[in-house]
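Residue numbers (our numbering), protein chains in the order written: chain A, 315 to 460; chain B, 315 to 460; chain C, 315 to 460; chain D, 315 to 460.
Quick reminder that beta carbons are idealized off the backbone N, C-alpha and C, glycines included.
Note that the structure is predicted; figures quoted are calculated from it, not measured.
Take a look at the structure set out below.
Okay, structure coming up:
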């Protein structure tokens, strides 16, 4: 896929995997992970897919960043203290402005995901106006797409 | 509405309002509220609708709690440090096990919501098994429903 | 006290009081408030003493902010879900650059504080260099000092 | 060192090292890490020294946990988004009830620590009463002490 001919049907990225260990800070008094924290793990995983240095330079040098536009998350199962969960991530470009991410959280030895989510991200400048992703970034992120 | 005859079409609660002030802790380096925090504000608002004491006693005395099953959130606009936002909340009973919450976050003097969400909550026991809400709780929460 | 003649012995501000309600987000699986959150409550209380709007304008218009230099906190007692705690705050100017805050957290009907802290704040510019507080700010914050 | 003859002068553990990557969630609008988050990183590092599984079992099987009694933290330098910091940890037993931890946070290639802290932890039962650490735990944690 090239930056100039975005597909009309989604071409998914490879599936990326990222481990998160559950600490005291992640739980609440009900004994399991406090649900907004799942959005944090999804974001950490996305930052690893894109690259924290790339995000840092994009912001500092081009005044561009990614903002979450929509998150649709389903919590199927509780996640517990001391779990090391597997965050699985795939994404596709919906337009030059928008990426869509399919992410899920798996407990150790689980046969189904504990949490699943679809998250839409848009590219914005520092005035929070929609901005196209730089072609070089699209090319870079397109590596390995089906 | 009584606990024994749950409606098949939603009967919404009155709209509740709750203020949240945005502190340092709520923002990230992009200058606006970090998106998972919106889920925190929605939960605070729900706790005020239900009553923190009621939630506390439900957990301690009946070993029951509410777990978030699904959150579908759209972020239309950034929210800034020092804002005092208005969190608006309505809900209905979908079954004896489940409530559905329509919530939104409004910046001062805004003409449209900065964030909107639909959040589904299920009642669970401390083994995280679905459990019906106690009839007395349903009656209590049904006060003022259309 | 004037901005130009800072005292060598501390002149304390009046004691300010600020309520914080403890939500799900504040606790961990041990059943009580997760300890770093106490630093959040202390900061919220300081922001109310100084004024969030004043902090906002200081940052936007004069590129100045307050950074925490040191926190020394003792946790005497656990704080629980649904508690509404009373955060008590006093401070003094140590220099044109530095304020020292004595803060404590009180559970309902408590005869002693659950948490006590001494927190030092320094004034910094956006390059994170020490900067004197503007005289007008010192005057403003000195209102009511003994 | 054995569980029955605790030393009167501190015998320090080896220095442990643990990396933490700084994400969006860690920063605030001033552009650097929000200070209470440093306490989270220190706790994560301690959990890795003790072992999350050991902490989990201690709580589930012996109803014992570690509570933070005191934290004295100095913030010398800001920590930025995308940094991978090195958290360094040493501790000693002050009594059967109490451990003292010397911890620091180092930015990449730094010649001095960005944050330093002394943190005291006490062993408690689930009623939050002081309890001695099990001898087997003390033995386990004493491995490698000078």
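Annotation for residue 332/C: 359, 362 and 401 place their beta carbon closer than 6 Å to its own, counting only its chain and skipping 5 residues before and after. At a cut-off of 8 Å between beta-carbon atoms, residue 340/A makes no contact with chain B. With respect to the 8 Å criterion, residue 355/A and residue 435/A are not classified as neighbours on the basis of their beta carbons. Within the stretch 323-366 of chain A, the complete beta strand (DSSP E) segments at least 3 residues long are 330-335, listed from N- to C-terminus. In the DSSP assignment, residue 456/A falls outside any beta strand (DSSP E), carrying neither H nor E.
In the structure shown, residue 418/D adopts extended strand secondary structure according to DSSP, grouped into three states. Counting the other CB atoms within 10 Å of its CB gives residue 351/A a total of 16 or more, which places it among the buried residues. Per DSSP, reduced to three states, the secondary structure at residue 377/C is coil, with no helix or strand assignment. Straight-line spacing of the CA atoms in residue 388/D and residue 432/C works out to 12 Å. In the structure shown, the three-state DSSP call for residue 371/A is helix.
Against chain C, the beta carbon of residue 354/D has neighbours under 8 Å at 350, listed in chain order.
Beta-bridge partners assigned by DSSP to residue 386/D: 386/C and 432/D. DSSP lists 438/D as the beta-bridge partner residues of residue 444/D. By the criterion of a C-beta distance shorter than 7 Å, residue 374/A is surrounded by no residue of its chain, once the five residues flanking it on both sides are discounted. Counting only Cβ-Cβ distances below 7 Å, residue 337/D has contacts in chain A at 357, 358 and 361, in chain order.
Put simply, of 343/D, 403/D, 394/D and 334/D the residue whose alpha carbon is nearest the alpha carbon of residue 430/D is 403/D. Within the same chain, Cβ atoms closer than 7 Å to the Cβ of residue 455/B are found at 364, the five residues on either side in sequence being excluded.
Chain A has a Cβ within less than 8 Å of the Cβ of residue 385/B. Beta-carbon to beta-carbon, residue 395/B and residue 343/D are separated by about 5 Å, close enough to satisfy the 8 Å threshold. Ranked by how close their Cα comes to the Cα of residue 440/C, the residues 376/C, 328/C, 346/C and 421/C have 376/C in first place.
Not one beta carbon of chain D lies nearer than 8 Å to the beta carbon of residue 347/C.
With 16 or more other Cβ atoms inside 10 Å of its own Cβ, residue 452/D counts as buried.
Take residue 427/A, set aside five residues on each side of it, and the residues of its chain with a beta-carbon closer than 7 Å to its own are 390, 418, 419 and 420, in chain order. In this structure, residue 408/B lies away from residue 337/C, with their beta-carbon atoms at least 8 Å apart.
Of the candidates 368/B, 413/B, 379/B and 406/B, the residue whose Cα lies closest to the Cα of residue 458/B is 406/B. Contact of residue 382/B with chain A is assigned, a C-beta pair being separated by under 8 Å. Of all residues in the stretch 428-446 of chain A, none is placed with a Cβ closer than 9 Å to any Cβ belonging to chain D. When the Cα atoms are used, residue 372/B and residue 443/B turn out to be separated by approximately 15 Å. For the C-beta of residue 395/C, the chain A residues within less than 9 Å are, from N- to C-terminus, 342 and 343. For a cut-off of 8 Å, the C-beta gap from residue 399/B to residue 334/B is around 5 Å, short enough to register as a contact. Any Cβ of chain A closer than 8 Å to the Cβ of residue 399/B would place that residue at the interface, and such an atom is absent. In the DSSP assignment, the residues bridged to residue 407/A are 413/A. With distances taken between CA atoms, residue 341/A lies nearest to 370/D out of 370/D, 349/D and 385/D. It is roughly 4 Å from the alpha-carbon of residue 386/C to the alpha-carbon of residue 386/D.
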